[in-house]
Amino acid sequence: MATSVARAEQLSLNGIIYESQTKKLTDLPTELLEHILCFPVLKHVDVCNVSCCCKRLHDVCHGRGKVWEHQYKIRWPRLQRFYRQNESCDWLREYVTRHRVGIQIRRTVESISKRFFTDVPCVGQVLGDSFAEIESLGMPEHFCEDELLFILNSDKRKSLTLKYYAKKILYFLRQQNILRNLKTFLAQPAEQQSALEGAVLVDQYCNPLADITLESISQQMDDVEEKAKKMLRIKNPSHPSLRVTNSDCMTEDFELQRQVLWALNAVLYEQLQYKGNECDYYNPLNSYIHQVLLRRTGIPISLSVLYMTLARKLGVQLEPVNFPNHFLLRWCQRPRGSEDIYDFVYIDAFGKGKQLTAKECEYLIGHQVTADYYSAISTTEVLLRMVGNLLNIGKRGEGNEKSYQLLRDSLDLYLTINPDNVQYLLLQARLYFHLGIWPEKVLDILQHIQALDPSQHGAVGYLVQHTLEHIQHKKHPVTPEVKRRSAPEHLEVQYSVGLIMKHKRSGYNCVIYGWDPKCTMSQEWINTMRVHQLSSGANQPFYNVLVQDGTCRYAAQVTCVRWYSSENLEPHSAPLEIGHPEVGRYFSEFAETHYVANEELQTRYPEDMRETLSTVQELYHRLTPGSVSRNDTSASEQMSHQFKS
Numbered sequence: 020m021a022t023s024v025a026r027a028e029q030l031s032l033n034g035i036i037y038e039s040q041t042k043k044l045t046d047l048p049t050e051l052l053e054h055i056l057c058f059p060v061l062k063h064v065d066v067c068n069v070s071c072c073c074k075r076l077h078d079v080c081h082g083r084g085k086v087w088e089h090q091y092k093i094r095w096p097r098l099q100r101f102y103r104q105n106e107s108c109d110w111l112r113e114y115v116t117r118h119r120v121g122i123q124i125r126r127t128v129e130s131i132s133k134r135f136f137t138d139v140p141c142v143g144q145v146l147g148d149s150f151a152e153i154e155s156l157g158m159p160e161h162f163c164e165d166e167l168l169f170i171l172n173s174d175k176r177k178s179l180t181l182k183y184y185a186k187k188i189l190y191f192l193r194q195q196n197i198l199r200n201l202k203t204f205l206a207q208p209a210e211q212q213s214a215l216e217g218a219v220l221v222d223q224y225c226n227p228l229a230d231i232t233l234e235s236i237s238q239q240m241d242d243v244e245e246k247a248k249k250m251l252r253i254k255n256p257s258h259p260s261l262r263v264t265n266s267d268c269m270t271e272d273f274e275l276q277r278q279v280l281w282a283l284n285a286v287l288y289e290q291l292q293y294k295g296n297e298c299d300y301y302n303p304l305n306s307y308i309h310q311v312l313l314r315r316t317g318i319p320i321s322l323s324v325l326y327m328t329l330a331r332k333l334g335v336q337l338e339p340v341n342f343p344n345h346f347l348l349r350w351c352q353r354p355r356g357s358e359d360i361y362d363f364v365y366i367d368a369f370g371k372g373k374q375l376t377a378k379e380c381e382y383l384i385g386h387q388v389t390a391d392y393y394s395a396i397s398t399t400e401v402l403l404r405m406v407g408n409l410l411n412i413g414k415r416g417e418g419n420e421k422s423y424q425l426l427r428d429s430l431d432l433y434l435t436i437n438p439d440n441v442q443y444l445l446l447q448a449r450l451y452f453h454l455g456i457w458p459e460k461v462l463d464i465l466q467h468i469q470a471l472d473p474s475q476h477g478a479v480g481y482l483v484q485h486t487l488e489h490i491q492h493k494k495h496p497v498t499p500e501v502k503r504r505s506a507p508e509h510l511e512v513q514y515s516v517g518l519i520m521k522h523k524r525s526g527y528n529c530v531i532y533g534w535d536p537k538c539t540m541s542q543e544w545i546n547t548m549r550v551h552q553l554s555s556g557a558n559q560p561f562y563n564v565l566v567q568d569g570t571c572r573y574a575a576q577v578t579c580v581r582w583y584s585s586e587n588l589e590p591h592s593a594p595l596e597i598g599h600p601e602v603g604r605y606f607s608e609f610a611e612t613h614y615v616a617n618e619e620l621q622t623r624y625p626e627d628m629r630e631t632l633s634t635v636q637e638l639y640h641r642l643t644p645g646s647v648s649r650n651d652t653s654a655s656e657q658m659s660h661q662f663k664s
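Per the numbering used here, the very first residue in the sequence shown carries number 20; after that it's consecutive.
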C-alpha cells in the first residue's frame, strides 16, 4: 500500500516537473524556439509531434515557415535550386507535396517489374504505359525527378530492380523535356538559332542521365575564347576583337580576320591538342559536344560547330558547308558576300583548321562535286546532318542494347526536326515492330506514312497486320514456364541462377539469369554456332548469361576440347559485379559472392536460390575457409527465412 502511494506521488511530481518545463519552453521567444526546432537531430515526425502539444508550439512550427523550410531543405537538398533566396513559400505544403510524390513514384516503380518482366531481355524495351501513368499523375516534374535520383543514389549494391526501372523512367522523362526544348528551339527564326545550342540539345537527348547544360558548355567555350584572345594579343595587341564583348560585331578587315583564325588554330590544335578522331571515327562520342570538349577529339561536323562558334565570338563570320563525306566551313573573301564558290576559303576543322580552295576540297573526297555542295546551310540542316551521322552509327551497331538505343534516339531527333521523312518513319516503325515495343505507336506511325505516301501501302499493310496480331497477343499473355531443379528432366543442370561464372574458352565473366535442360535455339542458330561439335551437342544444359561486356549469351554447360570434355562454364574464383545494363531486370542485390534473384525471377526458378547459396558457401569454404562475408551471411539468413515461410 505504501509502495503504491509513493509511486503515485512520484508520478504526480513528474507531471508537475514536465508541466513546468513545458511552460518554460513555450515562454521562449519565437526565434529561439524555431532555432531549437531546426536542430539536425529532429525529423519531420518530431516536428509534427511537437506541433500537436499546444497552440503556441503549433504556431511556432507552422507560423512563419522557418521550421518546415529547414526540414524541406535538409531532406531534399537537390531541390534548393528551384527556389530563390528568401522566397516566400508555404513550406509545409511543399513538404507534404514532395513527400506524397515520393510515395507515389516509388509505388509505380515497384509495380513495373511485375508487369513488364520477361525471361529474355527485350532489347530497347519501352515501358510506355508506366511512363504515361507517371505523366498523368500531374505531379511537379522536378519532384518526380528528385525521387527517381534518390532511388538511383541509394546503396549501390541493393535495390537493383528498383533502380533499373527508376533509371528507365528518368531517361524517358528527361528525354520528353529535351524534345519540348528542341521544338521550341526549332520554332525560333533561323537567324536566332545557334548551332552550338542545337548540338547541346542533341547531346542531351542521347545522354539524358548525364549532367549536360548549355551554361556549362558555354563556360568551357568562353575559356577557350580567353586563351585565343591571349594568343591574339601577342599577334596584334590593338586587335578590335580584344575590346569587343558583343559577338554580333563582326570584323570586316580580312587581315584582322586572318589574325583571329591564326590565333584560333594555335590554341585549338597546338596548345589544346584538338584533333580529328581518325582511329575511332564511328564512335558516337565524337558527335557529343560535351565529349568533344572533354576528349578534345571529334569528327568534322562536331569540330566545325566548335570552330565556327569560337570564330564568331572573336568577330569572324564562318558558314557551315554540307560537303559530302567531310563537313567544312567557308570564309568569304569578298566584302559584300558572294555565291561564287571561288570567292571563299574553305576551312577543315577536322584537319587542324587547314584552309583550302574549292579544288582542294575535292581532293579530300577523291571526286568532283557540283557547286551546290559548296553552299552554306542553315542550323536546322546542320542538326539533321549531325543526327544523320548518329543514325548511321546506330544502323552499323551490333544489335545490342546500346546500338538499338542510339538508333531509337537518333530517329526520335531526326523525325522531330523533319517529321515527314517517309524513309525514316518507316525505319522507326520497323524498328519498334522488330523490338516488339509500343505497338500502338507503330500503328500511328504507319497511318502517318500512308497519308504522306500511299505508294508504301504494301510495307504498311504487312506491318499493320502483324502489329494488330501483336496487340491481340498482349491481351492474352502466355503463362511463363516454371523450372524446378528437382524435376527429373532437369537433373543434369549443374549451375543455378545468380551464380557469377567465368567462361573457360572465351574468358568472359558473367552471371546466370536462366537455363534450359537442352538447347532451345533454332536449328539455324545451332548450325551457325557449331553446337554439334560439342561433346553432347544440343542435348545438354544451356545457360542464359549476362556478360561483363554488355552482351547476352547462351552458353553450353560442357564443351569438347580435342580428345576430352570439360566444363564450358565454371564458378568465378573471385566473384565480381557484372556491369551489364540488364542486371537489375533479374536481380535485386549483389551479395558479394552472388546475385540475389528478384521476386519475378524466383517465381520462374523457385528452387535456384537455395542451390546458389549452397554452391557459394561450399565454394567459399573450400577456397578460403571462414571467409564468407557479413553481407553473404545476411543474404543466406534472408533466403533461409523465405524458404521456411
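Just so it is clear, CB atoms sit at the ideal spot from N, CA and C, and this is done for glycine as well.
Computed from a predicted model, the values in this text were never measured in an experiment.
How many angstroms separate the CA atom of residue i from the CA atom of residue j?
i, j, result
"His54", "Val86", "8 Å"
"Lys74", "Gly84", "15 Å"
"Val16", "Glu129", "Missing from the structure shown is residue 16; the chain here goes from 20 to 664 and no further."
"Leu167", "Ala185", "6 Å"
"Thr547", "Val219", "43 Å"
"Ser237", "Lys249", "18 Å"
"Lys523", "Tyr624", "25 Å"
"Asn632", "Phe609", "Sequence inspection shows Leu at residue 632; the Asn mentioned does not correspond to that position. Taking the straight line from one Cα to the other gives about 13 Å."
"Arg103", "Tyr365", "48 Å"
"Gln424", "Leu403", "18 Å"
"Ile131", "Ala229", "24 Å"
"Val142", "Thr180", "Note that Val142 scores a pLDDT of 42, beneath 50, so its modelled location is shaky; the value from the coordinates is reported in the next line. Cα to Cα, the separation comes out at about 17 Å."
"Leu111", "Pro499", "47 Å"
"His495", "His309", "46 Å"
"Glu216", "Gln374", "26 Å"
"Val120", "Cys163", "7 Å"
"Glu618", "Glu626", "12 Å"
"Thr376", "Asn341", "16 Å"
"Leu280", "Ala330", "7 Å"
"Ile93", "Tyr183", "27 Å"
"Ala161", "Cys268", "Position check: residue 161 holds His in this sequence, whereas Ala was assumed. Looking at the two C-alpha atoms, the distance is approximately 39 Å."
Across which residues does DSSP place residue i in a beta bridge pair?
i, result
"Thr116", "DSSP lists no partner for Thr116."
"Cys529", "Met520, Val566"
"Val340", "Leu347, Ala395"
"Thr316", "Lys294"
"Asp535", "Phe561"
Looking only at C-alpha atoms, which of the options sits nearest to residue i?
i, options, result
"Thr539", "Glu508, Tyr573, Arg103, Tyr443", "Tyr573"
"Glu611", "Lys175, Cys72, Cys298, Asp109", "Lys175"
"Gly295", "Ile318, Ser306, Leu283", "Ile318"
"Lys378", "Lys187, Tyr361, Asp391", "Tyr361"
"Leu189", "Phe101, Asp165, Val635", "Asp165"
"Ile231", "Tyr307, Ala282, Ser260, Arg252", "Tyr307"
"Val516", "Asn196, Gly569, Phe606", "Phe606"
"Arg504", "Val66, Ser70, Asp535", "Asp535"
"Leu205", "Thr486, Thr398, Leu588", "Thr398"
"Leu312", "Glu297, Lys332, Leu291", "Leu291"
"Cys225", "Leu409, Phe169, His509, Gln559", "Leu409"
"Glu289", "Gly370, Cys108, Leu482", "Gly370"
"Ser357", "Tyr300, Pro343, Glu338", "Glu338"
"Arg315", "Tyr293, His161, Gln636, Val335", "Tyr293"
Taking only beta-carbon positions, decide if residue i is within less than 8 Å of chain C.
i, result
"Leu434", "This model lacks chain C altogether; it includes just one protein chain."
Excluding sequence positions up to five away, which residues of its chain have a Cβ less than 8 Å from the Cβ of residue i?
i, result
"Leu446", "Leu430"
"Gln567", "Tyr527, Asn528, Cys529, Ile597, Gly598, His599"
I'd like the list of long-range same chain contacts for residue i, defined as Cβ closer than 6 Å, with 5 residues on each side in sequence excluded.
i, result
"Ala478", "none"
"Phe561", "Asp535, Cys538, Tyr573, Ala575"
"Phe346", "Pro319, Ile320, Ser323"
"Glu88", "Trp110"
"Val401", "Ala214, Pro339"
Once you ignore the five residues that flank residue i on each side, which residues in its own chain have a CB closer than 7 Å to its CB?
i, result
"Val286", "Val243, Lys246, Ala247, Met250"
"Leu719", "With the chain running from 20 to 664 in the structure shown, residue 719 is simply not present."
"Gln194", "Tyr224, Pro227"
"Gln278", "Leu251, Lys254, Asn255, His258"
Next on the checklist: Which complete beta strand (DSSP E) runs does the stretch 352 to 397 hold, if anything under 3 residues is left out?
Outcome noted: 363 to 367, 373 to 375
Next on the checklist: Just to confirm the assignment: which complete beta strand (DSSP E) runs, minimum length 3, are found wholly within the stretch 560 to 639?
Outcome noted: 561 to 566, 571 to 575, 577 to 580, 583 to 586, 588 to 590, 606 to 609, 614 to 616
Next on the checklist: In chain order, what are the residue ranges of uninterrupted alpha helix (DSSP H) at least 4 long that sit wholly in the stretch 51 to 78?
Outcome noted: 63 to 70
Checklist entry - Can you list the alpha helix (DSSP H) stretches of 4 or more residues lying completely in the stretch 191 to 227, in chain order? => result 214 to 225
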